[in-house]
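What follows is one structure encoded as structure tokens, with my remarks underneath.
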Amino acid sequence: MLFTTLAVSRLQPLNGNNMRYLLIFLFVSCSFLSFAQEAEKEELIIHKIEGKEYYIHVVDTGNTLFAISRKYAIPREEILKANPRLTEVLTLGDRLMIPLDKITRRDLNEAPDIDGNFLIHEVQRQNTLYSIAKEYNVEINDIIVANPEIEDGLKRGMKIKIPVAKIKNSTGDQEYVVPAAASPYVTHKVAPKETLYSLSKLYNVTIDSINMVNNGLVGGLQEGDLVNIPILKNYKRVSIQAIEDVEFDSAAVKKAYKVSVLLPFYLDLMDESNELEYKKAQELNKELYNKAQYAIDFYQGFKLAAQEMANRGLNVELQVFDTGKDSTTVSEIINSNKLIDSDLLVGPLFLSNFLQVADFAKRNKINIVSPVKLSNKVLLGNSYVSKVATSEPIQTRFLGEYIYDSLRFSNLIVVYPDKFQERKRMELIKKQIQKTAAVHQDTTRMSPLREVYWNPKELWGIKSKLKEDELNVIVAPSDDQSFVTRLLSSLNSMNGYKFKVIGLENWLNFENIEIDYLHNLNVHLVASEFIEKDSEENVQFIAAFNENYRSVPSQFAYLGYDVASYYLSLLQTSGTNFELMLPAETMQGLSRKFHFVKTGIESGFENHSSYIVRYRDYQVIKVH
Numbered sequence: 007m008l009f010t011t012l013a014v015s016r017l018q019p020l021n022g023n024n025m026r027y028l029l030i031f032l033f034v035s036c037s038f039l040s041f042a043q044e045a046e047k048e049e050l051i052i053h054k055i056e057g058k059e060y061y062i063h064v065v066d067t068g069n070t071l072f073a074i075s076r077k078y079a080i081p082r083e084e085i086l087k088a089n090p091r092l093t094e095v096l097t098l099g100d101r102l103m104i105p106l107d108k109i110t111r112r113d114l115n116e117a118p119d120i121d122g123n124f125l126i127h128e129v130q131r132q133n134t135l136y137s138i139a140k141e142y143n144v145e146i147n148d149i150i151v152a153n154p155e156i157e158d159g160l161k162r163g164m165k166i167k168i169p170v171a172k173i174k175n176s177t178g179d180q181e182y183v184v185p186a187a188a189s190p191y192v193t194h195k196v197a198p199k200e201t202l203y204s205l206s207k208l209y210n211v212t213i214d215s216i217n218m219v220n221n222g223l224v225g226g227l228q229e230g231d232l233v234n235i236p237i238l239k240n241y242k243r244v245s246i247q248a249i250e251d252v253e254f255d256s257a258a259v260k261k262a263y264k265v266s267v268l269l270p271f272y273l274d275l276m277d278e279s280n281e282l283e284y285k286k287a288q289e290l291n292k293e294l295y296n297k298a299q300y301a302i303d304f305y306q307g308f309k310l311a312a313q314e315m316a317n318r319g320l321n322v323e324l325q326v327f328d329t330g331k332d333s334t335t336v337s338e339i340i341n342s343n344k345l346i347d348s349d350l351l352v353g354p355l356f357l358s359n360f361l362q363v364a365d366f367a368k369r370n371k372i373n374i375v376s377p378v379k380l381s382n383k384v385l386l387g388n389s390y391v392s393k394v395a396t397s398e399p400i401q402t403r404f405l406g407e408y409i410y411d412s413l414r415f416s417n418l419i420v421v422y423p424d425k426f427q428e429r430k431r432m433e434l435i436k437k438q439i440q441k442t443a444a445v446h447q448d449t450t451r452m453s454p455l456r457e458v459y460w461n462p463k464e465l466w467g468i469k470s471k472l473k474e475d476e477l478n479v480i481v482a483p484s485d486d487q488s489f490v491t492r493l494l495s496s497l498n499s500m501n502g503y504k505f506k507v508i509g510l511e512n513w514l515n516f517e518n519i520e521i522d523y524l525h526n527l528n529v530h531l532v533a534s535e536f537i538e539k540d541s542e543e544n545v546q547f548i549a550a551f552n553e554n555y556r557s558v559p560s561q562f563a564y565l566g567y568d569v570a571s572y573y574l575s576l577l578q579t580s581g582t583n584f585e586l587m588l589p590a591e592t593m594q595g596l597s598r599k600f601h602f603v604k605t606g607i608e609s610g611f612e613n614h615s616s617y618i619v620r621y622r623d624y625q626v627i628k629v630h
């Protein structure tokens, strides 16, 4: 076994009085806190998968199972049999295996002549452009371009050119021709426990190149998936056993890992030995004091997950640093060289502090995690950074997709105050709706998106756009508590209308909203986190947290637990180079999903997961 079962957690840099105050807080109740360009034309190429030959059909707009079966002259049942995960409802971009042995196709009686970059085909009786294109796996238009004379029709005995490309096999000792439209990929069917890392080693290609030719592998890598593997000139397939050996011997995979957690505990503020300073801190730094409590909650959840990972064989040492908000303190931590042998850095929480440590992480090739909402500036030019909190633009785009998918035929009204940020959100939503419609090439007309500038003294602007016989969807992309409170109060007073109000995550924290309004108006919110309170996993977590800390876990405790569970699992399975695996390794935590997308070739990874939640029976439930 690669990892031992012993786990050690320690607070190395914190000692003396500071340690004492931190431990007090840890055990008391705390307050809530492009490699290759895709061909634009269809490519009917033969792929060998598990010893059998298939075409790979990529589902396009308007495709149905019936239409695909007609196209390939294959019974629908055979397509379903070859694709056991397939349902009657197809998803844009799905890759379907079309078994060749179930297709009626005409074999060539003899090898055609080759003329330069063309095969020469002699037209037979009953040949059509479609049948010839299918026979050679090329586009009809490519044949017409190479043979302008056939625009007047095909004639028996006519010799026409079929565009091809000359390639060599992997050993370079054989040259043969393929259709010019042939894919520069091989198709791999994902086996159990295979990862992007193992595939990259198997085919001697980079993980980035696999992601690029598979549209980022949205949703992650799953057993049974069909994945394009770009073929390099020096392509050499190695055995699975060789891959396992590489992983075991790799310096990235270690017997024990050191994880450094950098959080603003503000222990100096908690030193009650100096009563004057303590009271002053309470008065002048109440906000910072609360953030210290957030940090403690986060660490409690993180440590609990680390203990659980230890029971699964992970040997991890936790090293904790109190950063405060002072950049000088962070510089001292960096200059002390206590971070240099870290395998993972978590935090700091403040932007300026995080950028300091992130620069250190980049220079020393150490993965670093931002657990809270920070500007995407932290991702630029640093591929070792991953940001857990979903950014507002990603949430706004998710909201636009939800509106298009579920509400586009309702009476859509956007209401916002005259503020720059509100207008910016509204424009993002409109653009995402338009983008989603374009992707689906939807020919049906959706309801127009009516915009209303909020005027609390005059409600006619809203009321004039309401319809009594339709669902009125009020989209209010605002984080202005005063505006949201007044809007909901006004809508609640309008009788005779059916409403659904769409808002933002931070509405959950607004104190002045009547909870009855949230129910009466069918309020739906986009959120980066959601806790399934009655789930077995959550019940167990609450019990374990209470047993260890004699308190109820806060929002930040859930965050710490999820972050530790995800990243420590990555260390255990993929080693210190796990950043290569991030786009493929998705996970549903207790409070959030992890689905990372690389933001640029030399930049970091952003979590793109969001939820739609609503109020029902005075509880928050997940809708989407």
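Residues in the sequence shown are numbered consecutively from 7, following our numbering. Glycine included, every Cβ here is placed at the ideal spot set by N, Cα and C. Nothing here was measured: the structure is a model prediction, and the numbers come from that model.
Is the distance from the Cβ of residue i to the Cβ of residue j below 7 Å?
| i | j | result |
| --- | --- | --- |
| alanine 311 | serine 580 | no |
| leucine 565 | phenylalanine 304 | yes |
| leucine 357 | leucine 380 | yes |
| glutamate 229 | valine 267 | no |
| isoleucine 618 | valine 603 | no |
| glutamine 487 | phenylalanine 505 | no |
| arginine 82 | leucine 71 | yes |
| isoleucine 166 | histidine 194 | no |
| glutamine 438 | arginine 414 | no |
| leucine 355 | valine 378 | yes |
| valine 507 | valine 529 | yes |
| leucine 106 | glutamate 59 | yes |
| isoleucine 435 | glycine 467 | no |
Which residue comes first and which comes last in the beta strand (DSSP E) that contains residue i?
| i | result |
| --- | --- |
| tyrosine 503 | Taken as a continuous stretch (DSSP letters only), tyrosine 503 belongs to no beta strand (DSSP E), as it is neither H nor E. |
| tyrosine 272 | Where tyrosine 272 is concerned, there is no enclosing beta strand (DSSP E), given that its DSSP letter is neither H nor E. |
| aspartate 365 | Aspartate 365 -> not in any beta strand (DSSP E); alpha helix (DSSP H) instead, spanning 357-370. |
| phenylalanine 327 | 322-328 |
| lysine 628 | 625-628 |
| lysine 393 | 391-393 |
| phenylalanine 124 | 124-128 |
| asparagine 478 | 477-481 |
| glutamate 535 | Premise fails: glutamate 535 is in no beta strand (DSSP E) and is neither H nor E. |
| arginine 91 | Unbroken run through arginine 91: none, as it is neither H nor E. |
| valine 375 | 373-376 |
| methionine 103 | 101-105 |
| asparagine 417 | 417-422 |
| leucine 350 | 350-352 |
| asparagine 613 | 611-613 |
| phenylalanine 602 | 602-604 |
Rounded C-beta distance between residue i and residue j? I'm assuming under 8 Å.
| i | j | result |
| --- | --- | --- |
| serine 616 | glutamine 427 | 19 Å between Cβ atoms; not a contact. |
| leucine 320 | methionine 587 | Incorrect: roughly 16 Å between the Cβ atoms, too far for contact. |
| aspartate 100 | valine 65 | 4 Å |
| phenylalanine 366 | valine 384 | No, phenylalanine 366 and valine 384 are not in contact; Cβ-Cβ is about 13 Å, not under 8 Å. |
| serine 609 | serine 389 | 6 Å |
| tyrosine 567 | leucine 524 | Wrong, their Cβ atoms sit about 28 Å apart, outside the cutoff. |
| valine 490 | lysine 471 | Wrong, their Cβ atoms sit about 19 Å apart, outside the cutoff. |
| asparagine 373 | phenylalanine 600 | In fact, because the Cβ distance is near 14 Å, the residues do not count as touching under 8 Å. |
| leucine 351 | valine 336 | Incorrect: roughly 12 Å between the Cβ atoms, too far for contact. |
Please report the residue range of the alpha helix (DSSP H) in which residue i lies.
| i | result |
| --- | --- |
| proline 399 | 398-413 |
| arginine 492 | 487-498 |
| valine 336 | 333-341 |
| glutamate 457 | Unbroken run through glutamate 457 is the beta strand (DSSP E), 455-459; no alpha helix (DSSP H). |
| leucine 576 | 561-580 |
| arginine 82 | 82-88 |
| valine 558 | No alpha helix (DSSP H) holds valine 558; DSSP gives it neither H nor E. |
| asparagine 526 | 521-526 |
Buried or exposed for residue i, please, with buried defined as at least 16 other CB atoms from any protein chain shown within 10 angstroms of its CB.
| i | result |
| --- | --- |
| glycine 509 | buried |
| asparagine 613 | buried |
| threonine 396 | buried |
| tyrosine 624 | exposed |
| threonine 582 | buried |
| lysine 172 | Low per-residue confidence applies at lysine 172: pLDDT is 48, beneath 50, and the placement is therefore not dependable, though the value from the model is reported in the following sentence. Lysine 172 is exposed by the Cβ-count criterion. |
| alanine 325 | Note on residue identity: the sequence assigns glutamine, not alanine, to residue 325. Buried: at least 16 other Cβ atoms inside 10 Å. |
| asparagine 217 | buried |
| isoleucine 627 | exposed |
| proline 198 | exposed |
| glycine 163 | exposed |
| arginine 556 | exposed |
Pairs of beta-carbons, one from the segment 534-547 and one from the segment 429-438, closer than 8 Å: are there three or more?
Output reads no: the segment 429-438 does not touch the segment 534-547.
Examine the Cβ distances between the segment 482-499 and the segment 416-423 and report whether three or more of them are shorter than 8 Å.
Pairwise C-beta distances place the segment 482-499 in contact with the segment 416-423, as three or more of them are shorter than 8 Å.
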